[in-house]
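Heads up: the structure comes next, in structure tokens.
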Amino acid sequence: MGDTMDGTKQQRRGNTRQRIQDVALELFAEQGYEKTSLREIAEHLDVTKAALYYHFKTKEEIIVSLFADLTQPIEDLIEWGRSQPHTLETKQEIVRRYSAALAGAQPLFRFMQENQATVRELRIGDTFKERMKGLREIIVDPEAEMVDQVRSISALFTLHAGMFVMADLEGDPEKKREAVLEVAVDLVTQAHEGARGRK
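The C-terminal residue of the sequence shown carries number 207 in my numbering, and the numbering is unbroken.
Right, here's the structure in full:
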């Protein structure tokens, strides 16, 4: 798995549009979205403002495009999940892939957490809620008992908590990610077995 992640990073580096997104996100994180100007982003990239303008006219465009790019894997995952049988294997695979998608979009989620007013203004949160709803629909058995439905939804929230809450825990980030993933997989497994046990 490591190789593909590095490959994506290399790919991102070589692409001007993505370099702009990455640097913008870093600057937004360091000094705040409001305080960062397009000129500063251009200076950090060592490109002219015109070159930046060719890709993005405003900071808003940068964030909206970042959001679309980094959450595309979640969209793809929902598409994939809808076409799969509702088996335990499918649900576990969804949790695993979602964990990887979140890891890829981590800087963006940090931005969303720290810039909630901007996120509201740009309607980014709405899109994310839609995607969460799509994920919920493929991971939750509607006929399952409430406790098992809650377990399935908690699996997704465990992964979110893994990004924010667990960041303060001591320990190797990769080990933490694995531990969080293991708990999320346990939850969907229990929910699935609970639903089966009552049939």
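For every residue, glycine included, the Cβ atom is placed at its ideal position computed from N, Cα and C.
Limits of the unbroken alpha helix (DSSP H) element including residue i
| i | result |
| --- | --- |
| T197 | 181–205 |
| E138 | 132–147 |
| S107 | 96–112 |
| E48 | 46–53 |
| P81 | 67–90 |
| E38 | 24–39 |
| L167 | 154–172 |
| A125 | 124–129 |
| L3 | The question about residue 3 has no answer here: the residues shown for the chain are numbered 9 through 207. |
| K57 | 57–63 |
Sequence-distant residues of its chain with Cβ nearer than 6 Å to residue i (five each side left out)
| i | result |
| --- | --- |
| G170 | V188 |
| D14 | Since pLDDT at D14 reaches only 48, below the 50 mark, its modelled position is unreliable, and no value is offered. |
| V191 | T166 |
| F75 | I132 |
| H52 | V31 |
| D11 | The pLDDT assigned to D11 is 45, lower than 50, so where the model puts this residue is not dependable; a value taken from the coordinates is nonetheless given after this. For D11, where only same-chain residues beyond five positions count, there are no Cβ hits under 6 Å. |
| S160 | I147, V148, V196, A199 |
| Q92 | T98 |
Anticipated Cβ contact below 8 Å, residue i with residue j, distance rounded
| i | j | result |
| --- | --- | --- |
| T44 | K67 | 7 Å |
| I49 | I82 | 26 Å between Cβ atoms; not a contact. |
| V103 | A175 | Not a contact, Cβ separation roughly 20 Å. |
| L46 | L60 | 6 Å |
| F172 | Q121 | 7 Å |
| L85 | Y106 | 6 Å |
| I71 | L130 | 6 Å |
| F119 | A37 | 7 Å |
| L177 | K183 | Incorrect: roughly 10 Å between the Cβ atoms, too far for contact. |
| Y41 | T135 | Rounded, the Cβ-Cβ distance is 18 Å, inconsistent with contact. |
Cβ neighbours of residue i in the same chain (closer than 7 Å, five flanking residues each side left out)
| i | result |
| --- | --- |
| K99 | I147, V196, H200 |
| A203 | D149, A152, D156 |
Other residues of its chain near residue i: CB distance less than 8 Å, five sequence neighbours each side excluded
| i | result |
| --- | --- |
| L116 | L33, L74, F75, L78, T79 |
| L143 | I82, L85, I86, G89, I102, Y106, L164 |
| V193 | Q100, V103, R104, A163 |
| Q114 | M171 |
| R139 | T79, I82, E83, I86 |
So, do the region 55–69 and the region 106–119 have three or more beta carbon pairs nearer to each other than 8 Å? no
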